[in-house]
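Which chain is which? The protein sequence lines are A and B, in order. Under my numbering, the letters of the first sequence match residues 5 to 298, in that order. Under my numbering, the letters of the second sequence match residues 5 to 298, in that order. We treat Cβ as the ideally placed atom computed from N, Cα and C, and that holds for glycine. A short write-up of the structure that comes next.
There are 2 protein chains.
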Amino acid sequence: MKTEHAFPAAALWRHLGAGPDVEPGLRAALAWVVRAPGKGVRMNLVQAMALRFGLSAGKAERLACAVEYFHLASLVLDDLPAMDDAQSRRGQPCVHRVHGEASAILAALTLINRGYALTDEALATAPARVRRAARGWVDRCLGLAGLVGGQARDLAFDPRTTTARDVARIAAAKTGALFALAVFLPAELGRPAPAERRALRALCVYWGQLYQLEDDVADALAAEAVAGKTTGRDRALGRPNLVHALGLPAARRRQARLAALLRRTLARLDELGGDRWQPLQAVFARPVAERSAA
Amino acid sequence: MKTEHAFPAAALWRHLGAGPDVEPGLRAALAWVVRAPGKGVRMNLVQAMALRFGLSAGKAERLACAVEYFHLASLVLDDLPAMDDAQSRRGQPCVHRVHGEASAILAALTLINRGYALTDEALATAPARVRRAARGWVDRCLGLAGLVGGQARDLAFDPRTTTARDVARIAAAKTGALFALAVFLPAELGRPAPAERRALRALCVYWGQLYQLEDDVADALAAEAVAGKTTGRDRALGRPNLVHALGLPAARRRQARLAALLRRTLARLDELGGDRWQPLQAVFARPVAERSAA
Chain A
5 MKTEHAFPAA
15 ALWRHLGAGP
25 DVEPGLRAAL
35 AWVVRAPGKG
45 VRMNLVQAMA
55 LRFGLSAGKA
65 ERLACAVEYF
75 HLASLVLDDL
85 PAMDDAQSRR
95 GQPCVHRVHG
105 EASAILAALT
115 LINRGYALTD
125 EALATAPARV
135 RRAARGWVDR
145 CLGLAGLVGG
155 QARDLAFDPR
165 TTTARDVARI
175 AAAKTGALFA
185 LAVFLPAELG
195 RPAPAERRAL
205 RALCVYWGQL
215 YQLEDDVADA
225 LAAEAVAGKT
235 TGRDRALGRP
245 NLVHALGLPA
255 ARRRQARLAA
265 LLRRTLARLD
275 ELGGDRWQPL
285 QAVFARPVAE
295 RSAA
Chain B
5 MKTEHAFPAA
15 ALWRHLGAGP
25 DVEPGLRAAL
35 AWVVRAPGKG
45 VRMNLVQAMA
55 LRFGLSAGKA
65 ERLACAVEYF
75 HLASLVLDDL
85 PAMDDAQSRR
95 GQPCVHRVHG
105 EASAILAALT
115 LINRGYALTD
125 EALATAPARV
135 RRAARGWVDR
145 CLGLAGLVGG
155 QARDLAFDPR
165 TTTARDVARI
175 AAAKTGALFA
185 LAVFLPAELG
195 RPAPAERRAL
205 RALCVYWGQL
215 YQLEDDVADA
225 LAAEAVAGKT
235 TGRDRALGRP
245 NLVHALGLPA
255 ARRRQARLAA
265 LLRRTLARLD
275 ELGGDRWQPL
285 QAVFARPVAE
295 RSAA
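As C-alpha cells, this is what we get:
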C-alpha cells in the first residue's frame with residue numbers, strides 16, 4: 005500500500021500554481037500545509053472512483069486534489085487561535101504557529117479558491133446534470149448545511165445542555181460533510197441509481213461517525229505524541245466528544261456497531277452495483293486503524 | 005439614484021439561505037455583514053450588465069449577490085486582528101468586534117461558499133465557453149493572482165524598499181481584482197470582441213487604481229467619523245499608501261490623470277460596442293465621490 009505516498013504531495017503542490025512570484029510568506033505557508041498530506045486515502049478514493057467513471061488521469065487527479073484542498077483548508081482554519089487554538093496537526097506544528105495567522109488564513113483561502121477551480125476543470129466536459137449534481141455537493145458539504153454550519157455548532161457547544169444524540173449530530177454534520185464530498189463528488193460521474201444513492205449516503209453517515217468516534221477516543225485517551233495532533237483539547241475547550249458523553253465502554257460498543265453497519269452497507273453496494281463501487285470496497289477492506297490515520 | 009438602496013440588502017440576506025437552524029452566533033454575524041451593503045454600485049453594475057446580456061432577473065440578481073459576497077468576505081477577513089486589525093467598517097463596528105473572530109471567519113466562508121454556488125446557478129444555462137471564461141475570472145481574481153496574492157503582498161509590504169510603482173502594483177492586484185470580477189463576470193455573457201476586452205481590462209486597472217487612490221487619500225487625511233472605516237491605519241501598520249509614497253499634490257495629479265484615462269476608455273467602449281456597455285457608462289458618469297462610497 006506504499007504506492008499511495010508517491011501521489012499526493014507532489015500533485016497537491018503542483019495544482020496550487022504557487023509560482024515564485026507569490027509572496028514568500030504565503031508560499032511557505034502553502035508548502036507547509038501540503039507537505040504532510042497524511043496517507044492520502046481520501047485522495048486515492050476520489051481518484052480511483054473518478055477513473056472508474058471515465059475521467060482522464062489528469063482530471064481524476066484534479067478532482068482528488070480539489071477534495072483534499074477543501075479538507076486541508078478546513079483543518080487550517082479549525083486550528084486557528086479563534087477556533088480550536090491547536091498547536092500541532094499530523095505531527096507538525098500548525099501552520100499558523102510557524103507562518104503566522106495571516107498567512108494561514110490566506111493559505112486556506114488559496115486552497116478553497118483552487119479547490120473550486122480544479123473541481124470545475126475536472127468536470128468541465130461532464131454532462132450538465134452530473135456537473136450540477138456534483139457542484140450541489142460542494143455547496144451543501146462546505147456551507148451552512150455542512151462544514152461551516154457544523155463548525156459553528158461545534159464552537160457553540162454547551163456541555164450542560166447537549167445530549168449524546170446532539171454530539172453525534174454535530175459530528176456527522178462536520179466530519180460526514182467532508183466524507184460525503186469525497187464519495188459523492190466522484191460518484192455523481194457514475195450516475196448512481198436511487199438505491200445506490202441511499203446506500204452511499206448511509207455509508208457517509210456511518211463513516212463520518214466512526215471516524216469522528218475514533219478521533220474522540222484518541223483525544224480522550226492518547227498523549228500528544230501518539231495522535232500527532234493536539235489532544236485532550238475537546239475536554240479543555242468543552243467541545244463535543246462522544247467518549248465524554250457516553251463513557252469509554254459505550255463508545256467502544258458504538259464503534260463496533262458502526263463498523264458492522266459500514267460492512268453491511270458495503271455489501272449492499274456490491275449487490276447493487278458490483279464492481280462499480282470497487283474503489284469504496286478497497287478503502288473499507290483495510291483495518292480501521294490504518295484508515296483513521298488518513 | 006435612490007432606487008439602488010432597495011435592492012441589495014434583502015437579496016443579499018435571502019440568497020445566503022441562513023435559515024433558523026443555523027447556529028445563532030453565525031447567523032447573527034451573517035446578518036451583520038450584509039445589513040450595510042454600501043450604495044450597491046457594484047451590485048447594480050453586475051445586475052444591469054447581466055440583464056443587458058440576456059440573463060433572467062433571477063439569475064442577474066444571483067450573479068450580483070455572488071460578486072458582493074466575494075467582496076464582503078474579503079472585507080471581513082481583511083479586518084481581522086491578524087490582518088489589518090480594523091475597528092470599524094462602513095460606519096459600523098467590524099463583525100469580529102461584535103460577533104467574535106470565529107463567527108466572522110465562518111461568515112466569510114459562508115459568503116465565499118454561496119458566492120461560488122450563485123455564480124454557478126446564474127451561469128448554469130450559459131454556453132460552455134462563456135461559463136469557462138467567467139469561472140476563470142473568479143479563479144484569477146480571488147486567488148494567488150488576485151485578491152489573496154495581493155493581500156499577502158500588502159501585509160508583507162516593507163516601506164523601506166518599496167517604490168510608488170510597487171504600491172500601485174499591489175493596489176491594482178487587490179482592488180483591481182474585485183473590479184475586474186464585477187466587470188468581466190457579467191461581460192463574458194456578451195462575448196466581448198478582443199478590442200472590447202482590452203478596453204474593459206484597461207478600465208478595471210484605472211478604476212481599481214483610482215478607487216484605491218481615493219481610499220489612500222481618505223486614509224491619510226480624514227478622521228474616522230468621515231470615512232466610516234478605521235483610518236490612518238495604513239501609516240500605523242506601515243501599509244502601502246500612495247499619498248505617503250508620492251505626497252498629496254502628486255497623488256492629486258495622478259487622480260486627475262486616472263480619471264481622464266477612465267473617460268477615454270469609456271469613450272473607446274462606446275465607439276466599439278455602443279449601448280452594449282451602457283451599464284458601465286452609467287456607473288462612471290457619476291461623480292467620483294459618490295462612486296467611491298460604494
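Cutoff 8 angstroms: residue i Cβ touching any chain B Cβ
{"i": "A106(A)", "result": "yes"}
{"i": "E27(A)", "result": "yes"}
{"i": "V152(A)", "result": "yes"}
{"i": "D124(A)", "result": "yes"}
{"i": "D143(A)", "result": "yes"}
{"i": "L59(A)", "result": "no"}
{"i": "Q91(A)", "result": "no"}
{"i": "Y73(A)", "result": "no"}
{"i": "P253(A)", "result": "no"}
{"i": "Y210(A)", "result": "no"}
{"i": "L193(A)", "result": "no"}
{"i": "G62(A)", "result": "no"}
Close-in-space but distant-in-sequence residues of the same chain around residue i (CB under 7 angstroms, 5 per side omitted)
{"i": "A111(B)", "result": "L30, A33, L34, V37, V80, V99"}
{"i": "T288(B)", "result": "In the sequence under discussion, the amino acid at residue 288(B) is Phe, which differs from the Thr named in the question. Only L266, L270 meet the Cβ criterion."}
{"i": "A224(B)", "result": "N245, V247, H248"}
{"i": "A108(B)", "result": "A33, V80, L84, V99, H100"}
{"i": "K178(B)", "result": "L151, G154, Q155, D158"}
Same chain, Cβ closer than 6 angstroms to residue i, five either side skipped, listed in chain order
{"i": "R157(B)", "result": "I174"}
{"i": "L262(A)", "result": "Y210, Q213, L214"}
{"i": "W17(B)", "result": "V38"}
{"i": "R272(A)", "result": "A203"}
{"i": "S78(B)", "result": "L151"}
{"i": "C208(A)", "result": "G180, F183, A184, V187"}
Residue i classed as buried or exposed, judged by whether at least 16 other C-beta atoms fall within 10 angstroms
{"i": "P283(A)", "result": "buried"}
{"i": "D219(B)", "result": "buried"}
{"i": "A229(B)", "result": "Interpretation of A229(B) is limited by its pLDDT of 48, a score under 50 that renders its predicted location unreliable; the figure taken from the coordinates is listed afterwards. By the 10 Å Cβ count, A229(B) comes out exposed."}
{"i": "E65(B)", "result": "buried"}
{"i": "R135(B)", "result": "buried"}
{"i": "Q285(A)", "result": "exposed"}
{"i": "E27(A)", "result": "buried"}
{"i": "A227(B)", "result": "The predicted position of A227(B) is uncertain, since its pLDDT is 44 and thus under 50; no value can be drawn from it."}
{"i": "T167(A)", "result": "exposed"}
{"i": "D82(A)", "result": "buried"}
{"i": "P12(B)", "result": "buried"}
{"i": "G277(A)", "result": "buried"}
Reduced DSSP category for residue i - H, G, I as helix; E, B as strand; rest coil
{"i": "R135(B)", "result": "helix"}
{"i": "R39(A)", "result": "coil"}
{"i": "S92(B)", "result": "strand"}
{"i": "P85(B)", "result": "coil"}
{"i": "P244(A)", "result": "coil"}
{"i": "P283(B)", "result": "helix"}
{"i": "P24(B)", "result": "coil"}
{"i": "L253(B)", "result": "Strictly speaking, residue 253(B) in this sequence is Pro, with Leu absent from that position. In the structure shown, P253(B) sits in a helix (DSSP, three-state: H, G or I)."}
{"i": "P97(A)", "result": "strand"}
{"i": "S107(A)", "result": "helix"}
{"i": "L164(B)", "result": "Inspection of the sequence shows that residue 164(B) is occupied by Arg rather than by Leu. Note: R164(B) maps to coil in three-state DSSP."}
{"i": "S296(A)", "result": "Legend: pLDDT at S296(A) = 46, less than 50; position of this residue unreliable, value from coordinates given subsequently. S296(A): helix per DSSP, three-state reduction."}
{"i": "P196(A)", "result": "coil"}
{"i": "T123(A)", "result": "helix"}
{"i": "F57(A)", "result": "coil"}
is_contact[residue i, chain A] using C-beta, thresh 8 angstroms
{"i": "M87(B)", "result": "yes"}
{"i": "G180(B)", "result": "no"}
{"i": "T269(B)", "result": "no"}
{"i": "T114(B)", "result": "yes"}
{"i": "A156(B)", "result": "yes"}
{"i": "L159(B)", "result": "yes"}
{"i": "R118(B)", "result": "yes"}
Residues near residue i by beta carbon distance below 8 angstroms, same chain, minus five either side
{"i": "V152(A)", "result": "L146"}
{"i": "L122(A)", "result": "H19, R66, L67, C69, A70, Y73"}
Any non-hydrogen atom of the ligand HEM within 7 angstroms of residue i CB
{"i": "T179(B)", "result": "This structure does not include the ligand HEM; it has no bound ligands of any sort."}
Stretch-stretch touch, CB-based, cutoff 8 angstroms, three pairs: the segment 181-200 of chain A with the segment 248-255 of chain A: no
Segment contact flag, the segment 99-109 of chain A with the segment 48-61 of chain A, C-beta cutoff 8 angstroms, min 3 pairs: no
The segment 178-185 of chain A touching the segment 68-77 of chain A, judged by at least three CB pairs closer than 8 angstroms: yes
Contact between the segment 113-123 of chain A and the segment 140-159 of chain B (3+ Cβ pairs under 8 angstroms): yes
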